[in-house]
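Number of protein chains: 2
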Amino acid sequence: MVGGARPRKQPTIKEVAQHAGVSPMTVSRTLAGGANVRPDLQEKVLSAVRELGYHRNENARSLRPGQASGLIGVAITNLGNPYYGNFALGVEEVAAETGRRIVLGNTGGDPARERQLVADFLGRQVEGLVLVPSGGSSDHLRPERLGDVPLVLASRRIYGLDVDVVLLDDVGGAYRGTLALLDAGHTRIGYLGNVSSEFTGARRYEGYLRALAERGIEPDSDLILREHAIGSAGEATGRLLDLEDPPTAIFSANNRNSIGALREIGRRLRSGARPDEMPALVSFDDFELAELMPVPVTVVDHDPRQLGREAAKLLLSRLGNGERHQGSARLVEMPVKLAPAPSP
Amino acid sequence: MVGGARPRKQPTIKEVAQHAGVSPMTVSRTLAGGANVRPDLQEKVLSAVRELGYHRNENARSLRPGQASGLIGVAITNLGNPYYGNFALGVEEVAAETGRRIVLGNTGGDPARERQLVADFLGRQVEGLVLVPSGGSSDHLRPERLGDVPLVLASRRIYGLDVDVVLLDDVGGAYRGTLALLDAGHTRIGYLGNVSSEFTGARRYEGYLRALAERGIEPDSDLILREHAIGSAGEATGRLLDLEDPPTAIFSANNRNSIGALREIGRRLRSGARPDEMPALVSFDDFELAELMPVPVTVVDHDPRQLGREAAKLLLSRLGNGERHQGSARLVEMPVKLAPAPSP
DNA sequence: GGATGTCTTGGTAACGTTACCATAGCGAGC
DNA sequence: GCTCGCTATGGTAACGTTACCAAGACATCC
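Heads up: the protein sequence lines correspond to chains A and B, in order.
Take the first sequence: its letters are residues 19 to 362, numbered as in this note's numbering.
Take the second sequence: its letters are residues 19 to 362, numbered as in this note's numbering.
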């Protein structure tokens, strides 16, 4: 085993041709399906391919005019977050169904990094871009910069940019989640807001307000914590619970906030607080084992993978055939659903 | 806005050259750093680049001999799982630090899909491969198939394949987790096994057995459920709890099993079971809010992102400079740690 | 048998880029 | 003034691939 054959560089079509005793064109034709190539030659070619471990050089292939690269550029803010992981998975699946691959970049929410990634993707001749925007300037996404490469935005839209967008039904989900608390008899409902994404944060807040308004309840600014300055969701929850007239329920606009809130609630219960003093919780974003929590938790559930699939489908429809699909920008809102909540 | 400029195809270096009134070579040199190009021409070139929105065609660039593609192929089993999402993030980060990008494919654990992805990656001239193997034949990973493209395996190793591997310290983690239960006075410790990955499953089982052996406890086959035939972790937990002499603690070999076990425990508590009748749990794989669970949960915590970073570093070290790093295969085991456990 | 058509094969050029070579300009040194 | 050396610029070829064209082989049909 030791000192075995040196790794060889990838063989070219020329070498395969030589090995099979035919011209490169015959190899090319065979690999393209074998039309108008004698079966015996095809076999010779295919066994040469197997023997040498040959793979067509896709980069060289995509160089030829009219040949697409088969790459989709995907830039998301945090791959480690299961939400975006599933989103990327959805994009990957749909891309794979058409034989395409994704080049993936993590922006970490940094606009500079996003610009860099987009430039790199364009250099790699991606056929399209799927992007979870990081905020900041959107100059690098203007049509004259992207040329003929279509773009789909996800989770967040950029005003003034006329491109396809996929979003969750943030407003509807927050509305229905809040309404569920109101229907259960709660009238003092805290709002735990969104630091990470102002756009979805604003939309979810809108849903919360709409539900309150519908029941004629005036929003109480003491109960609404959506500032960036808040140290953590746990701390914010503590502030809500320490109010003179604390909320009996909390609407939490995202996963991170929900986890923080539950941690704080857990701390207080361990310190001797009575369970019926603790608020019920509605969480935008699902999380596991919600049913085992010490307070009733309702989740606004959604499917980020489906969101990714939808984004990819929008993108692919813009690639279509030769002539670009020229329809105007579309906005897709994916439905969310309330998971059955234990009564408060 | 409507009927605005048609999207143009990506400009070429030739068009930039024409626009700037120089030759393509001067453009190329300018973009390569500008050595031996008059400053005034450089400026002309750069403004033509900006004006046309030009990006170098990396595919064409990588066609030239000696030029690397800057792509790393990454194939994982399930991007939606935060474990693999974070793993991929780690690989992406390290790749990005050297200006490389990752092409990502999801195998879904399907060996055929894995073969297909690897072939595609090779066709795209990736500089290296990072793979979470799906099992099945490994013919497509033999050195003569990969040529000069280095491979790093993660989470699972393939015997007979002499390549770099990164693993968690599965044995040690399971050993220490089980030992913690023994130290807390448990003697009947159930084992909830791994369906998804036989390799890590076997290693974790080994750690469990080692801990028992060290304390002179004979493993009881009634307490050990690691068959594929088990319907679900919840059902398996039910079987353990329904034993005449049920375990007072359970070691669960992965996240999925832990969640299933906790769901079953939750069901029984809601049906009136007494909390002190329920087993303590040690879970290999962290999960959020473990501290809020109705039974004491200790987790064997680890950092999949770091695992990904390590995998990428091993890979990059094989790329090094011109001549391939020829050292023999390395095996890296990433440390895990026990999260502080509430006493049982 | 000759014209016509179909099938098979190979040569050539081009995709976008840059290493290499050639050339021109210019200042320094004798 | 002539060479030498250096800088700046451009032309050419090649990377691996395949569309297109040309040409040969062979069968078909009148």
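C-beta atoms are modelled at their ideal positions from N, C-alpha and C, and glycine is treated no differently.
Since this is a predicted model, take the numbers as computed values, not measurements.
Nearest-angstrom Cα distance between residue i and residue j?
{"i": "A/Pro362", "j": "A/Ile235", "result": "Low confidence applies to A/Pro362: its pLDDT is 34, below 50, so where it sits in the model is not reliable, and the reading given next is rough at best. Each residue's alpha carbon lies about 19 angstroms from the other."}
{"i": "B/Ala279", "j": "B/Val170", "result": "34 angstroms"}
{"i": "A/Ala247", "j": "A/Asp128", "result": "Because the pLDDT at A/Ala247 is just 45, under 50, the model does not fix this residue reliably, and the point stays unresolved."}
{"i": "A/Ala38", "j": "A/Ile90", "result": "35 angstroms"}
{"i": "A/Gly256", "j": "A/Gly211", "result": "14 angstroms"}
{"i": "B/Ile31", "j": "B/Leu59", "result": "15 angstroms"}
{"i": "A/Glu253", "j": "A/Asn275", "result": "10 angstroms"}
{"i": "A/Arg288", "j": "A/Pro322", "result": "34 angstroms"}
{"i": "B/Gly443", "j": "A/Gly98", "result": "Residue 443 of chain B falls outside the range modelled here, since chain B spans only 19 to 362, and no answer is possible."}
{"i": "B/Ile363", "j": "B/Ala251", "result": "Past the edges of chain B, shown from 19 to 362, lies residue 363 of chain B, and the structure says nothing about it."}
{"i": "A/Ser301", "j": "A/Lys355", "result": "12 angstroms"}
{"i": "A/Leu227", "j": "A/Pro237", "result": "7 angstroms"}
{"i": "A/Lys27", "j": "B/Val63", "result": "36 angstroms"}
{"i": "A/Gly326", "j": "A/Tyr101", "result": "10 angstroms"}
{"i": "A/Arg233", "j": "A/Asn96", "result": "37 angstroms"}
{"i": "A/Gln143", "j": "A/Leu261", "result": "56 angstroms"}
{"i": "B/Ala35", "j": "B/Leu49", "result": "12 angstroms"}
{"i": "B/Glu145", "j": "B/Arg74", "result": "19 angstroms"}
Buried or exposed for residue i, going by 16 or more other Cβ atoms inside 10 Å?
{"i": "A/Asn54", "result": "exposed"}
{"i": "A/Arg244", "result": "buried"}
{"i": "B/Gly141", "result": "buried"}
{"i": "A/Gly203", "result": "exposed"}
{"i": "A/Tyr177", "result": "exposed"}
{"i": "A/Gln85", "result": "exposed"}
{"i": "A/Ser156", "result": "buried"}
{"i": "B/Gly340", "result": "For B/Gly340, the pLDDT reaches just 43, beneath the cut-off of 50, and the residue's location in the model is therefore unreliable, although a value from the coordinates is still provided. With fewer than 16 other Cβ atoms within 10 Å, it is exposed."}
{"i": "A/Ala231", "result": "exposed"}
{"i": "B/Pro83", "result": "exposed"}
{"i": "B/Pro353", "result": "exposed"}
{"i": "B/Asp138", "result": "buried"}
{"i": "A/Leu349", "result": "exposed"}
{"i": "B/Arg336", "result": "buried"}
{"i": "A/Leu197", "result": "buried"}
{"i": "B/Gly290", "result": "exposed"}
{"i": "A/Gly195", "result": "buried"}
DSSP puts residue i in a beta bridge; with which residues?
{"i": "B/Ser270", "result": "B/Leu210, B/Ser301"}
{"i": "A/Asp138", "result": "DSSP lists no partner for A/Asp138."}
{"i": "A/Glu351", "result": "A/Leu185"}
{"i": "B/Val121", "result": "A/Val121, B/Gly91"}
{"i": "B/Leu169", "result": "B/Leu147"}
{"i": "B/Ile242", "result": "B/Tyr209"}
{"i": "B/Thr390", "result": "With chain B covering 19 to 362 only, the question about residue 390 of chain B has no answer from this structure."}
{"i": "A/Leu261", "result": "Its beta-bridge partners do not exist; DSSP assigns none."}
{"i": "B/Leu200", "result": "In the DSSP output, where bridge partners are listed per residue, B/Leu200 has none listed."}
Closest by CA to residue i, which one among the options?
{"i": "A/Leu259", "options": "A/Ala298, A/Val189, A/Tyr193, A/Gly191", "result": "A/Ala298"}
{"i": "A/Arg175", "options": "A/Gly154, A/Leu97, A/Asn104, A/Arg68", "result": "A/Gly154"}
{"i": "B/Arg131", "options": "B/Glu253, B/Gly71, B/Ala192, B/Val92", "result": "B/Val92"}
{"i": "A/Ala113", "options": "A/Arg348, A/Pro353, A/Leu332", "result": "A/Leu332"}
{"i": "B/Leu159", "options": "B/Val63, B/Leu310, B/Val136", "result": "B/Val136"}
{"i": "A/Glu351", "options": "A/Leu186, A/Leu310, A/Met311", "result": "A/Leu186"}
{"i": "A/Gly117", "options": "A/Arg206, A/Val354, A/Phe217, A/Ala330", "result": "A/Ala330"}
{"i": "B/Asp166", "options": "B/Leu147, B/Val184, B/Ala172", "result": "B/Leu147"}
{"i": "B/Arg221", "options": "B/Pro312, B/Ser270, B/Leu337", "result": "B/Ser270"}
{"i": "B/Ile207", "options": "B/Ile268, B/Arg348, B/Val318", "result": "B/Ile268"}
{"i": "A/Glu328", "options": "A/Pro151, A/Phe105, A/Asp201", "result": "A/Phe105"}
Let me see if you follow: with CB-CB separation under 8 angstroms, is residue i close to chain A or not?
{"i": "B/Val121", "result": "yes"}
{"i": "B/Asn104", "result": "yes"}
{"i": "B/Gly46", "result": "Looking at the sequence itself, residue 46 of chain B is Ser, so the reference to Gly does not match. Judged by the 8 angstroms Cβ criterion, B/Ser46 is not in contact with chain A."}
{"i": "B/Ile31", "result": "no"}
{"i": "B/Ile268", "result": "no"}
{"i": "B/His37", "result": "no"}
{"i": "B/Asp157", "result": "no"}
{"i": "B/Arg133", "result": "no"}
{"i": "B/Arg323", "result": "yes"}
Do we get a CB-CB distance below 8 angstroms when we pair residue i with the residues of chain B?
{"i": "A/Met296", "result": "no"}
{"i": "A/Gln28", "result": "yes"}
{"i": "A/Leu302", "result": "Note that residue 302 of chain A is Phe in the sequence shown here, rather than Leu. A/Phe302 does not count as touching chain B."}
{"i": "A/Met311", "result": "yes"}
{"i": "A/Pro293", "result": "no"}
{"i": "A/Ser87", "result": "yes"}
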